[in-house]
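Below is one structure; the comments refer to it alone.
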Amino acid sequence: VCARIAVQCARGLAIGQSRQFESLTGSVFSASPVSRERVGRFESVRVEVAGRAYYSGRSSFSVEPDDPLGGGFLLR
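First residue of the sequence shown: 10, per my numbering; consecutive thereafter.
So, in structure tokens, the structure goes:
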């Protein structure tokens, strides 16, 4: 939802203008851009989202002691 609002802002959606999004399960979320900001060297949009969501799954991750990526990685 936040990413879709950010894309719509780049295409001209005004601050405060609301949009509704319906998921495949029928859940409805409303969202609107609150402000344009700068995070480091990147332009960003602060988004307000309203709706109701529920947990639908859980996963766990494990790391082997000799895994060179065990401390994490960054995609560039």
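A virtual CB, placed ideally from N, CA and C, is assigned to each residue, including glycine.
Annotated three-state conformation of R85 is coil, per DSSP. Taking 8 Å as the upper bound for CB-CB distance, R20 and S41 are not in contact here, some 15 Å apart. Residue pairing by DSSP places E52 opposite R47 in a beta bridge. Contact check for V54 against R45 passes: the beta carbons are separated by less than 7 Å. For R20, DSSP assigns no beta-bridge partner whatsoever.
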